[in-house]
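Peer 1: Residue numbers (my numbering), protein chains in the order written: chain A, 1 to 253; chain B, 1 to 253; chain C, 1 to 253; chain D, 1 to 253; chain E, 1 to 253; chain F, 1 to 253.
There are 6 protein chains.
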Amino acid sequence: MKSMREVLLYKLTWPEIREYLKENDIVLFPTGSTEQHGKHIAEDNDAFTALEISKRVAEKTGVLVAPVMPFGYSPHHMGFPGTITLSFDTLVNVYKEVCKSLMKHGFKKIVIMNGHGGNTNAIAEALRELKEETGMTVYSLMVFPTSTGFAAEVVKETIKTGGGHADEMETSVGLYLGQRILFERAEKGVPPESLSNFHRKYIRRVSRAVDFHEITVSGSLGDPTLASKEKGEKLVEAVVDEITEFIEELKKQ
Amino acid sequence: MKSMREVLLYKLTWPEIREYLKENDIVLFPTGSTEQHGKHIAEDNDAFTALEISKRVAEKTGVLVAPVMPFGYSPHHMGFPGTITLSFDTLVNVYKEVCKSLMKHGFKKIVIMNGHGGNTNAIAEALRELKEETGMTVYSLMVFPTSTGFAAEVVKETIKTGGGHADEMETSVGLYLGQRILFERAEKGVPPESLSNFHRKYIRRVSRAVDFHEITVSGSLGDPTLASKEKGEKLVEAVVDEITEFIEELKKQ
Amino acid sequence: MKSMREVLLYKLTWPEIREYLKENDIVLFPTGSTEQHGKHIAEDNDAFTALEISKRVAEKTGVLVAPVMPFGYSPHHMGFPGTITLSFDTLVNVYKEVCKSLMKHGFKKIVIMNGHGGNTNAIAEALRELKEETGMTVYSLMVFPTSTGFAAEVVKETIKTGGGHADEMETSVGLYLGQRILFERAEKGVPPESLSNFHRKYIRRVSRAVDFHEITVSGSLGDPTLASKEKGEKLVEAVVDEITEFIEELKKQ
Amino acid sequence: MKSMREVLLYKLTWPEIREYLKENDIVLFPTGSTEQHGKHIAEDNDAFTALEISKRVAEKTGVLVAPVMPFGYSPHHMGFPGTITLSFDTLVNVYKEVCKSLMKHGFKKIVIMNGHGGNTNAIAEALRELKEETGMTVYSLMVFPTSTGFAAEVVKETIKTGGGHADEMETSVGLYLGQRILFERAEKGVPPESLSNFHRKYIRRVSRAVDFHEITVSGSLGDPTLASKEKGEKLVEAVVDEITEFIEELKKQ
Amino acid sequence: MKSMREVLLYKLTWPEIREYLKENDIVLFPTGSTEQHGKHIAEDNDAFTALEISKRVAEKTGVLVAPVMPFGYSPHHMGFPGTITLSFDTLVNVYKEVCKSLMKHGFKKIVIMNGHGGNTNAIAEALRELKEETGMTVYSLMVFPTSTGFAAEVVKETIKTGGGHADEMETSVGLYLGQRILFERAEKGVPPESLSNFHRKYIRRVSRAVDFHEITVSGSLGDPTLASKEKGEKLVEAVVDEITEFIEELKKQ
Amino acid sequence: MKSMREVLLYKLTWPEIREYLKENDIVLFPTGSTEQHGKHIAEDNDAFTALEISKRVAEKTGVLVAPVMPFGYSPHHMGFPGTITLSFDTLVNVYKEVCKSLMKHGFKKIVIMNGHGGNTNAIAEALRELKEETGMTVYSLMVFPTSTGFAAEVVKETIKTGGGHADEMETSVGLYLGQRILFERAEKGVPPESLSNFHRKYIRRVSRAVDFHEITVSGSLGDPTLASKEKGEKLVEAVVDEITEFIEELKKQ
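#1: With DSSP as the reference, identify every bridge partner of E:L64, one or two as the case may be.
#2: Please report the residue range of the beta strand (DSSP E) in which A:I112 lies.
#3: Below 7 Å CB to CB, which residues in the same chain sit around D:F88 once its five sequence neighbours on both sides are set aside?
#4: In terms of alpha-carbon separation, which member of D:D25, D:K39 and D:M142 lies closest to D:S32?
#5: CA-CA distance, E:T120 and D:V98?
#6: Looking at the strands, I want to know which residues DSSP matches up with F:K39.
#7: Can you have a look at E:T148 and say buried or exposed, based on whether 16 or more other CB atoms are within 10 angstroms of its CB?
#8: Which whole runs of the alpha helix (DSSP H) in the stretch 184 to 220 of chain F are 4 residues long or more, in chain order?
#9: Pull up the DSSP beta-bridge partners for D:I181, would you.
#10: Can you tell me where the alpha helix (DSSP H) holding B:L235 begins and where it ends?
#11: Nearest chain E C-beta to F:A227 closer than 7 Å, yes or no?
#12: To the nearest angstrom, report how far apart F:K231 and F:G162 are at their CA atoms.
#13: Are the beta-carbon atoms belonging to A:V68 and A:L51 less than 7 Å from one another?
#14: Quick one: give me the first and last residue of the beta strand (DSSP E) that B:Y139 is part of.
#15: Does the separation of the CB atoms of E:V236 and E:V154 fall below 7 Å?
#16: Quick one: is C:G222 near chain B, going by C-beta distance under 7 Å?
#17: Could you give the DSSP three-state label for F:T171: helix, strand or coil?
#18: Using three-state DSSP, classify D:M4 as helix, strand or coil.
#19: Quick one: which chain F residues come within Cβ less than 9 Å of E:F80?
#20: Does D:V173 have its Cβ less than 7 Å from a Cβ in chain F?
#21: Helix, strand or coil: how does DSSP classify E:P15 here?
#22: Please name the residue, chosen from B:R204, B:L21 and B:H76, that lies closest to B:I110 on a Cα-to-Cα basis.
#23: If contact is defined by three or more beta carbon pairs under 8 Å, each pair taking one atom from either stretch, is the stretch 127 to 139 of chain B in contact with the stretch 189 to 204 of chain B?
#24: May I ask whether a heavy atom of the ligand GTP can be found less than 6 Å away from the beta carbon of F:E35?
#25: If you compare alpha carbons, which of F:F48, F:K39, F:F29 and F:E184 is closest to F:V63?
#26: Can C:F48 and C:Q179 be called in contact, C-beta distance under 7 Å?
#27: How would you call E:I203, buried or exposed, if buried means at least 16 neighbouring beta carbons within 10 angstroms?
#28: Which residue from E:A151, E:Y176, E:K100 and E:A166 puts its Cα closest to that of E:L127?
#29: Answer with yes or no whether the minimum CB distance from B:N197 to chain A is below 7 Å.
#30: Within 7 Å of any Cβ in chain C, is that where the Cβ of D:Q253 sits?
#31: What's the call for F:R200, buried or exposed, on a 16-neighbour Cβ count within 10 Å?
#32: At 7 Å on the CB atoms, spell out the chain C contacts of B:H116, in chain order.
#33: Might you give, ordered along the chain, the residues of its own chain that have their beta carbon closer than 7 Å to the beta carbon of D:V57, omitting 5 neighbours on each side?
#34: Considering only the alpha carbon of each residue, which of B:G82, B:E16 and B:G115 lies closest to C:E19?
#35: If I'm right that E:I41 touches E:A166 with Cβ under 8 Å, what's the distance once you round it to whole angstroms?
#36: Applying the criterion that 16 or more other CB atoms from any shown protein chain within 10 Å of the CB defines a buried residue, is D:E16 buried or exposed?
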């Protein structure tokens, strides 16, 4: 296992990176956002988590970590102070241009370590365009545990309430990773009275552009008050182990 | 119930549309694609189905149907002859400009009736940008039955194999709607030998830009040979009924 | 002569298109618009006509027909309900991307079958950019008879009044092709009283962006009341014959 | 009549322009191109003529002339050395941004004095977008005499051969305006042997992106050897007089 | 003086930011790059320094610090491994969209704390466009000491050799701020033999797009071996004090 | 030395340019702006000077001069009547497309002869993108004498007051070159009373988008009343000689 400093690409000098590239071609690119995370979690949580998980995986696998992109696609959170959003096009271009820069130096396997669900479509479009334009396959994965992704088993075991934003799972992970969390201010996510029954009924079958302040008063979905550091530990360890396994297999490709 | 001709916006004259707008403000905008649909279904199936379902809903609800957009986002099908794809940006702009044109005339409730999963991200982006730029909410729904969308119950009852493209469900719907289907040529979707175990294993947890010719020899996913017109009838009737109910409730909003 | 179904590219499966491409390389791409056509013609008339003429030519020549693009460049008709317009840039991109998709599969001779004069500049720009970017020549022609284009002789013999929109010629063609026309509501195009003598005088010598509601009350130019199905038959047959001859010669190039 | 210097907006100081705007709101904006003009005319002829005609009209009417835009849309002339072309989008933006700058200072009636047929579509698009975005009508006219535009009568009387580029008319105008013309090198425009009969036949009925070196060896169309300074004098005087009349009427609008 | 955590906007929750905005409207936005910094300095130095200086100023003034933008405009460093560059347009858009997001929440005085000279033109363009589009003035300053900017006096006193990249000044600042520096590997910047005398001679009078690998072998300009932590301390303290004074005056505007 | 006419590329015919290209590959591309130049200088001064200096250099060196681009980047002068500005993106594209057109014909060494400081960033971006896209180096220089560029020595000897716009130096140059100058109206540049001490103090250390009408009443910076034709002669002769020397050396590269 390498020391922390050595896995951060941006803490190396160019001759050190040149050395790395002689025998390796993998790099992790963490991406997050700066947006409201309920009344209790710091706004950088998606970027923070993407970087923290990337570091842990990198320490176990010896691959490098690029700088975390702190801004993402968050127009739906703009109703809460502090949220910063890029446009879809700008974000796709940032992803593409960072990847193309890395490719130019010889990185052949780039894994986007994403901490924000709202970035998913922009990443998908970047991956498609990169493939068309360069012929190269870039990978992307969600660093948070989910019931259909990494650490799915542990999620099912430990997490009682869903949600998807500043919820039980996300708060638990943050407590374990040392994020700044004002846990006593955590509030269950409840929709404002203005949310119509009509929209409630069709929430999964009909799409529309939904702003978070239309569906939650606190900014949370789900129930973050059920979170704990212990749950977070199990989740993080599982995610890190499973992504580590993926990276090890990717090395052999 | 109105006759077919009257529900098609584009078969009306401008004074007739002006009349409609005096008391109504809903319009359905069907969107599809032109892309390979296995060895047995005509390439316009997503556009065809979007239009057919829209017509049926329109006849029951009396709302108008805009022209179907025949081209969608299909770069992943370009490995098969006949597929036509627009770029992501162009498609988002088409959706936005059609909706803005309709809004200018007084249509306040636009429902995009989508027949192609590959269009989903482009529609989502169009809906978001339309909301930011015009303040208006545009709705979108998938016209095909799915296990999480409209007609979910009937899907679970009638459809044995999943897939997601030119599969048992889609073929059944097409058989019932009168699409041109060479049923005897339908083939179960099997991946080419070149698909690695690595990619198989991480298919749900790691994203990459996948081309269909990399994962299916026939162009189908799932098993279309299990399709039948009877299954199609149940599915279509359920979808039409449930969307009709949605439109009736939308009228009251 | 082939049956109707076989000439529509989008009603074929991908193996059928692959077969076609082994011995052929021509495809017709019909383009129209959705816009007001006076008080008597359905709004899809340009798209409808482009498709109908394309089908007839295709049946005679055996070439394939791509899906009709139903939306065009119609900002000048937005004063009348129901008109839908794309921006110039979006439309150029649609034309280019459809043609590039077709080229990728091996279509070497694409003929844009245009039914809307307002699309002309966008098509010209698409043709130029396609030539610069791909080295390939794409052809475009107007499907309506005109005094300087196809069926010029028949136009001079049969049509008494000019106009250029929802006029005697266009109405005659529609009557013959089976378009939905409320003939009893047809009105001669007359300018609103607000049109100044100044603009009248310089109409051919000085260009400006003119909106149709500034120059015609009914939406028609010319005199559609002089139209007849018989005139339409002569015009359509002549246009189809002459374009067919062009396609036959194009085959030999 | 004012002296030459005073009519050129760009030869005035800002306080002088401020004075002009207190009682006037018209400005002429000449646009041309830099492109081959046969073996005998200098490459700036479209820009040169646009400026010369604008000056003469300005002297008679007292309106101001903006700087001439020397570059236009000339991809079809790139086969001949010296031709410079902008892209369509860039040119539309130049026209729009110059007009918007002028509007900001209070010019309400802008007349684009165009000397290059290849700019026509870009100007049309600029005029349309300016109207949509600012609500203001910008005018455009062709400074060369044509059989359907200004000085049509004189064209019919004096000019024997058509063409449209570096031809009898254009050479005559240039001889009178003092352009640098190597008249002894003028050559009748003849197509290279490679031009197929197929393309010859359909030249007016089927559009394609045509490069000038595909259709003329010398770069000229028509027969410039028939030109004379006397013809040029009649043409220029007529064009100037008729445009002057237009400007005088525009003042009253 | 506030504690470190409180000055980082992204380590606050949205209710805390809402509180801040009730009485304050200033935010610092640090921007840097990820690019080669000679053989001895970590590649994130411009981002690192921008953030470090911002934090120190923020602690003294109580204003908030937005997340640092880690990627900048660095095409001229792409010849050295590890450099990441965005395109000019993408970077301008990132700056504009971050500022517009902050404005939407009520931040009225944004100060871009820039650590990379290569970003200067993109920032200038963003500032101009933000002023045109929002009417608001955004400020920008260079966080490194320079002989014409902040800490000019101390630069003149302490720094013997110029350069402008990974040089004596930059290395000194990094040594004091705790950057990862492999000081023993620092090398004086010398141009490769391929640099022509022609280009040497006109370096200040004629502009061209210069790549760093064309003008320096080590990646440094100037002489970083003369750097010391003591020099860095003087420089950093002066820069922080002077920027602090600026922020205090800005508060009163 | 060649005669004037022969050095202007746009006054040649295409066969003449073809001849030139057989033995030469240098072209000067003058760029300026149309913008206020104080109360005394004509608004085209930057374009005028760029062209005049280019002609003089061309006559001495025998290289060709492309048409001058009369519009530049001048949003900061829009507060004064007559100023015309392009957007940054449009201007970059104009520069790139003109250069690419010239390259296509065989010009290998293009020198942008710039007369407007506000164009500098757009030119720098064009030069960078041209290098990335074509691999070719384009040069750019400022045609006005400056204390750090061409004619630096003469500037230091002859010019007493700085400024940077419509100042002592620029007015002197214009007087010598025969520009239209109303010298008796020249006024020293003084800021309006509204300029705050805050902004005065930080003018060199903090950037913001400054409009000229915020910092000067007359439009001038510096003191144009100290200008003279004699000073202009010395400055112009020195600039022309030094640029000529550069071009002669460039020929040998």
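We treat Cβ as the ideally placed atom computed from N, Cα and C, and that holds for glycine.
Peer 2: The relevant details are as follows:
#1: As a position in the fifth sequence, residue 64 of chain E is number 64, starting the count at 1. When beta bridges are read from the DSSP output, E:L64 appears opposite E:V27.
#2: Mapped onto the first sequence, residue 112 of chain A falls at position 112. In the DSSP assignment, A:I112 falls within the beta strand (DSSP E) that extends over K109 to N114.
#3: Here residue 88 of chain D is taken as the residue at index 88 of the fourth sequence, counted from 1. Excluding sequence positions up to five before and after D:F88, its CB lies within less than 7 Å of the CB of Y73 and A122, all in the same chain and listed in chain order.
#4: The sequence position of residue 32 of chain D within the fourth sequence is 32, counting from 1. The displayed chain sequence assigns Gly, not Ser, to residue 32 of chain D. Out of D:D25, D:K39 and D:M142, D:M142 has the C-alpha closest to the C-alpha of D:G32.
#5: As a first step, residue 120 of chain E is located in the fifth sequence; it is residue number 120 there, counting from the start. As a first step, residue 98 of chain D is located in the fourth sequence; it is residue number 98 there, counting from the start. A direct Cα-to-Cα measurement between E:T120 and D:V98 gives close to 27 Å.
#6: Numbered from 1 along the sixth sequence, position 39 holds the residue referred to as residue 39 of chain F. Checking the DSSP bridge columns, you'll see F:K39 partnered with F:H37.
#7: Within the fifth sequence, residue 148 of chain E is the residue found at index 148, counting from 1. Exposed, by the Cβ-count rule.
#8: Listed in chain order, the alpha helix (DSSP H) elements of length 4 or more contained wholly in the stretch 184 to 220 of chain F are 197 to 201 and 212 to 215.
#9: Position 181 of the fourth sequence holds residue 181 of chain D. Paired residue(s): D:I41.
#10: Position 235 of the second sequence, counted from the first residue, corresponds to residue 235 of chain B. K229 to K252 is the extent of the alpha helix (DSSP H) around B:L235.
#11: The count along the sixth sequence starts at 1 and reaches residue 227 of chain F at position 227. For F:A227, the answer is no, since every Cβ of chain E falls outside 7 Å of its Cβ.
#12: Translated into the one-based positions of the sixth sequence, residue 231 of chain F becomes position 231. Translated into the one-based positions of the sixth sequence, residue 162 of chain F becomes position 162. Computed Cα separation, rounded: 14 Å.
#13: Along the first sequence, one-based indexing puts residue 68 of chain A at 68. Along the first sequence, one-based indexing puts residue 51 of chain A at 51. Yes, the Cβ-Cβ distance between A:V68 and A:L51 is below 7 Å.
#14: Along the second sequence, one-based indexing puts residue 139 of chain B at 139. First-last of the beta strand (DSSP E) with B:Y139: Y139 to M142.
#15: As a first step, residue 236 of chain E must be located in the fifth sequence, where it is residue number 236. As a first step, residue 154 of chain E must be located in the fifth sequence, where it is residue number 154. No, they are not a contact pair.
#16: In the third sequence, residue 222 of chain C corresponds to position 222, counting from 1. For C:G222, the answer is no, since every Cβ of chain B falls outside 7 Å of its Cβ.
#17: In the sixth sequence, residue 171 of chain F corresponds to position 171, counting from 1. For F:T171, the three-state secondary structure derived from DSSP is helix.
#18: By 1-based counting over the fourth sequence, the position of residue 4 of chain D is 4. Unreliable placement is indicated for D:M4, whose pLDDT of 49 sits below 50; no coordinate value is reported for it.
#19: As a first step, residue 80 of chain E must be located in the fifth sequence, where it is residue number 80. Per Cβ cutoff of 9 Å: no residues; E:F80 is ~16 Å from chain F at best.
#20: Within the fourth sequence, numbered from 1, the residue matching residue 173 of chain D stands at position 173. Output row for D:V173: interface = no.
#21: As a first step, residue 15 of chain E is located in the fifth sequence; it is residue number 15 there, counting from the start. Helix, per DSSP.
#22: As a first step, residue 110 of chain B is located in the second sequence; it is residue number 110 there, counting from the start. That would be B:L21, whose Cα lies nearest to the Cα of B:I110.
#23: Output reads no: the stretch 127 to 139 of chain B does not touch the stretch 189 to 204 of chain B.
#24: The ligand GTP is not part of the structure shown, which contains no ligands of any sort.
#25: Indexing the sixth sequence from 1 puts residue 63 of chain F at position 63. Checking every option, the nearest Cα to that of F:V63 belongs to F:F29.
#26: Along the third sequence, one-based indexing puts residue 48 of chain C at 48. Along the third sequence, one-based indexing puts residue 179 of chain C at 179. Against a cut-off of 7 Å, the Cβ pair of C:Q179 and C:F48 comes out as a contact.
#27: For the purposes of this step, residue 203 of chain E is taken as the residue at position 203 of the fifth sequence. That one is exposed.
#28: Within the fifth sequence, the letter at position 127 stands for residue 127 of chain E. Taking the Cα of E:L127 as reference, the smallest distance to any Cα among E:A151, E:Y176, E:K100 and E:A166 is reached at E:K100.
#29: Position 197 of the second sequence, counted from the first residue, corresponds to residue 197 of chain B. No - not a single Cβ of chain A is within 7 Å of the one on B:N197.
#30: The residue given as residue 253 of chain D occupies position 253 in the fourth sequence. Taking Cβ atoms only, chain C reaches closer than 7 Å to D:Q253, which makes this a yes.
#31: The count along the sixth sequence starts at 1 and reaches residue 200 of chain F at position 200. Exposed, because fewer than 16 other Cβ atoms sit within 10 Å of the Cβ of F:R200.
#32: Here residue 116 of chain B refers to the residue found at position 116 of the second sequence. Result: empty, since nearest Cβ-Cβ is about 13 Å, beyond 7 Å.
#33: In the fourth sequence, residue 57 of chain D corresponds to position 57, counting from 1. Excluding residues up to 5 positions away in sequence, L28, V240, I243, T244 and I247 lie with their Cβ nearer than 7 Å to the Cβ of D:V57 in the same chain.
#34: Counting from one through the third sequence, the residue named residue 19 of chain C turns up at place 19. Nearest C-alpha to C:E19 among B:G82, B:E16 and B:G115: B:G82.
#35: On the fifth sequence, residue 41 of chain E is found 41 positions in, with the first residue counted as 1. On the fifth sequence, residue 166 of chain E is found 166 positions in, with the first residue counted as 1. Your pair E:I41 and E:A166 checks out as a contact, with CB atoms roughly 5 Å apart and the cut at 8 Å.
#36: Counted from its first residue, the fourth sequence places residue 16 of chain D at position 16. Around the CB of D:E16, 16 or more other CB atoms lie within 10 Å, so the residue is classed as buried.
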